[in-house]
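Undergrad:
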Amino acid sequence: MVGRVSSFGQQQLLIQGLQQNQRDVFTAQRQITTGKETNEYRGLAGETGTVLGARSTLSRVETYQQTIDTVGGKLDANDVQLGAAIESVESLLDQIRLTIANNQAAGFTEQLETTFSFVANGLNTNIDGTFLFSGAETGTQPVNVTEIQDFVALIDGGGTTADAFDNAPVAFQARIADGVDLEFGVLASEIGTEIFEEIEALYRADQATPFDGELTDAQRTFLSGQIASIEAAIDGVRQHQVDNGLGQERIKVLDEQHRDTAIFLETFIADIEDVDIAEAVTRLNNDQVALQASYQSIGSLSQLSLLNFL
Numbered sequence: 038m039v040g041r042v043s044s045f046g047q048q049q050l051l052i053q054g055l056q057q058n059q060r061d062v063f064t065a066q067r068q069i070t071t072g073k074e075t076n077e078y079r080g081l082a083g084e085t086g087t088v089l090g091a092r093s094t095l096s097r098v099e100t101y102q103q104t105i106d107t108v109g110g111k112l113d114a115n116d117v118q119l120g121a122a123i124e125s126v127e128s129l130l131d132q133i134r135l136t137i138a139n140n141q142a143a144g145f146t147e148q149l150e151t152t153f154s155f156v157a158n159g160l161n162t163n164i165d166g167t168f169l170f171s172g173a174e175t176g177t178q179p180v181n182v183t184e185i186q187d188f189v190a191l192i193d194g195g196g197t198t199a200d201a202f203d204n205a206p207v208a209f210q211a212r213i214a215d216g217v218d219l220e221f222g223v224l225a226s227e228i229g230t231e232i233f234e235e236i237e238a239l240y241r242a243d244q245a246t247p248f249d250g251e252l253t254d255a256q257r258t259f260l261s262g263q264i265a266s267i268e269a270a271i272d273g274v275r276q277h278q279v280d281n282g283l284g285q286e287r288i289k290v291l292d293e294q295h296r297d298t299a300i301f302l303e304t305f306i307a308d309i310e311d312v313d314i315a316e317a318v319t320r321l322n323n324d325q326v327a328l329q330a331s332y333q334s335i336g337s338l339s340q341l342s343l344l345n346f347l
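Numbering (the working numbering), first residue to last: 38 to 347.
1) In whole angstroms, what separates the C-alpha of residue 139 from that of residue 285?
2) Span of the alpha helix (DSSP H) holding residue 173?
3) How is the beta strand (DSSP E) around residue 211 delimited, first residue to last?
4) Any idea what DSSP makes of residue 122, helix, strand or coil?
5) In terms of DSSP beta bridges, what is residue 250 paired with?
6) Based on the DSSP secondary-structure assignment, which residues constitute the bridge partners of residue 164?
7) Going by CA-CA distance only, name the one from 302, 297, 292 and 273 that's closest to residue 127.
8) To which residues of the same chain is residue 155 closer than 7 Å at the C-beta, ignoring the five residues directly before and after it?
9) Going residue by residue through the region 181-247, where are the continuous alpha helix (DSSP H) segments of at least 4 residues, counting only ones entirely within it?
10) Relative to the C-alpha of residue 132, which residue among 267, 174, 277 and 187 is closest?
11) Where does residue 194 land, buried or exposed, given buried means 16+ other C-beta within 10 angstroms?
12) Three or more C-beta pairs closer than 8 Å, one from the region 226-242 and one from the region 180-199: is that the case here?
13) If you drop the 5 nearest sequence neighbours on each side, which residues of the same chain put their C-beta closer than 6 Å to that of residue 246?
14) Where does residue 96 land, buried or exposed, given buried means 16+ other C-beta within 10 angstroms?
15) Residue 207: buried (16+ other C-beta within 10 angstroms of its C-beta) or exposed?
16) Note down, in chain order, each residue of its chain lying with its Cβ closer than 7 Å to the Cβ of residue 261, except the 5 sequence neighbours on either side.
17) Mark residue 276 as exposed unless 16 or more other C-beta atoms lie within 10 angstroms of its C-beta, in which case mark it buried.
18) Less than 8 Å between the beta carbons of residue 218 and residue 179, yes or no?
19) With DSSP run on the structure shown, which of helix, strand or coil describes residue 178?
20) Just the Cα atoms here: how many angstroms apart are residue 112 and residue 222?
21) Give the straight-line distance between the Cα atoms of residue 304 and residue 118, rounded to the nearest whole angstrom.
22) Using CA coordinates, which residue listed in 182, 263, 258 and 161 is at the minimum distance from residue 224?
23) Taking just the CA atoms, how far does residue 148 sit from residue 281?
24) Answer yes or no: the CB of residue 291 versus the heavy atoms of the ligand ZN, is any distance below 7 Å?
25) Tell me whether the beta-carbon of residue 159 lies closer than 8 Å to the beta-carbon of residue 114.
26) In angstroms with no decimal places, state the Cα-to-Cα distance between residue 264 and residue 199.
This is the structure we're talking about:
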């Protein structure tokens, strides 16, 4: 019995091998181009849930980092304005001490007017459309009087110090980590109330008996009595500045923790999703050689006939 020579079965096997080699070449080329093991999560098989969970956590951490950047900018601005308010009132206090020491006053009215306006305008600081000291009412100017004369007129008209402020009753709150909410920001009324009232008392005394030239005994006694209360007002603002600084330190620590977490998660995800480029290049070269061999084998098989075996 003579055995039959058939090329069909062999040809089918060679075609299947060719198709597999084509797929391998395409996969390697895509991996080198994208740097990823696969374009679809289903290609990660059992790692899909792990990667999705890690990406969800990373997204949450990145959101916290963005919030911290925003909060940090506000706290930095707070520190600048609070420092400026303290410096301004301290300058007034130094002027009072110098006046008492020299028993001579000059430019006192102008000093009072300048200090009041400087503090009031500082409390109305607006950054990118948001009033810094307005609390939750970010679009509302927190101080509605910026001149000492207007403040005195408000009080004389039956108003109170509180009527000079339009800020919200509560400051800001932001979530900066899982389960961690930070209350931050300072209200204009918390800073300005005592300062405005101290300047008002000085202004009214100056209007009654101008501080200009040699002091009277009554003027000297009055100014001496105001020093302690002005110092207390300054200390109140300084305490808010300290609290603001503590908030700055807290978000700095959390930001570093978030940064470390983000780096870990990015590395973790990359270990699963990213391809080893050097390995992929080597595999591509081998797959291309195999594909070329498949083409040659099919080409050789197509040229065979029974005459080759007779």
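Cβ atoms here follow ideal geometry from the backbone N, Cα and C, with glycine treated the same way.
TA: On the basis of the supplied data:
1) By one-based count along the sequence shown, residue 139 stands at place 102. By one-based count along the sequence shown, residue 285 stands at place 248. When rounded, the distance between both Cα atoms is 42 Å.
2) To locate residue 173, count along the sequence shown from 1; it is residue 136. Unbroken run through residue 173: none, as it is neither H nor E.
3) The count along the sequence shown starts at 1 and reaches residue 211 at position 174. First-last of the beta strand (DSSP E) with residue 211: 209-214.
4) Your numbering for residue 122 matches position 85 in the sequence shown. Residue state, collapsed to three classes: helix.
5) For the purposes of this step, residue 250 is identified with residue 213 of the sequence shown, where counting begins at 1. Residue 250 is bridged to 142.
6) Working through the sequence shown from its first residue, we reach residue 164 at position 127. Paired residue(s): 167.
7) The sequence position of residue 127 within the sequence shown is 90, counting from 1. Nearest of 302, 297, 292 and 273 to residue 127, Cα basis: 273.
8) Here residue 155 refers to the residue found at position 118 when the sequence shown is read from its first residue. 125.
9) 185-193 and 225-245
10) For the purposes of this step, residue 132 is taken as the residue at position 95 of the sequence shown. Nearest option by C-alpha distance: 267.
11) On the sequence shown, residue 194 is found 157 positions in, with the first residue counted as 1. By the neighbour-count rule (16 or more Cβ atoms within 10 Å), residue 194 is not buried but exposed.
12) yes
13) For the purposes of this step, residue 246 is taken as residue 209 along the sequence shown, with counting starting at 1. If we look at residue 246 and ignore the five residues flanking it on each side, it has no Cβ neighbours.
14) Counting from one through the sequence shown, the residue named residue 96 turns up at place 59. By the neighbour-count rule (16 or more Cβ atoms within 10 Å), residue 96 is not buried but exposed.
15) Taking the first residue of the sequence shown as position 1, residue 207 is located at position 170. Classification for residue 207: exposed.
16) Translated into the one-based positions of the sequence shown, residue 261 becomes position 224. Closer than 7 Å at Cβ, skipping near neighbours: 137.
17) By one-based count along the sequence shown, residue 276 stands at place 239. Classification of residue 276: exposed, given that the 10 Å Cβ count is below 16.
18) Counted from its first residue, the sequence shown places residue 218 at position 181. Counted from its first residue, the sequence shown places residue 179 at position 142. It is not a contact, given that the beta carbons lie outside the stated cut-off.
19) Counting from 1 along the sequence shown, the entry for residue 178 is found at position 141. Reduced to three states, the DSSP call for residue 178 is coil.
20) One-based indexing of the sequence shown puts residue 112 at position 75. One-based indexing of the sequence shown puts residue 222 at position 185. Rounded to the nearest angstrom, the two C-alpha atoms are 7 Å apart.
21) Within the sequence shown, numbered from 1, the residue matching residue 304 stands at position 267. Within the sequence shown, numbered from 1, the residue matching residue 118 stands at position 81. Linking residue 304 to residue 118 through their CA atoms gives a straight-line distance of about 41 Å.
22) On the sequence shown, residue 224 is found 187 positions in, with the first residue counted as 1. Here the closest residue by C-alpha is 161.
23) Numbered from 1 along the sequence shown, position 244 holds the residue referred to as residue 281. Numbered from 1 along the sequence shown, position 111 holds the residue referred to as residue 148. Roughly 28 Å separates the two Cα atoms.
24) Within the structure as shown, the ligand ZN is missing, as the structure has no ligands at all.
25) One-based indexing of the sequence shown puts residue 159 at position 122. One-based indexing of the sequence shown puts residue 114 at position 77. No, the Cβ-Cβ distance between residue 159 and residue 114 is not below 8 Å.
26) Position 227 of the sequence shown, counting from 1, holds the residue named residue 264. Position 162 of the sequence shown, counting from 1, holds the residue named residue 199. Rounded to whole angstroms, residue 264 to residue 199 spans 23 Å at the Cα level.
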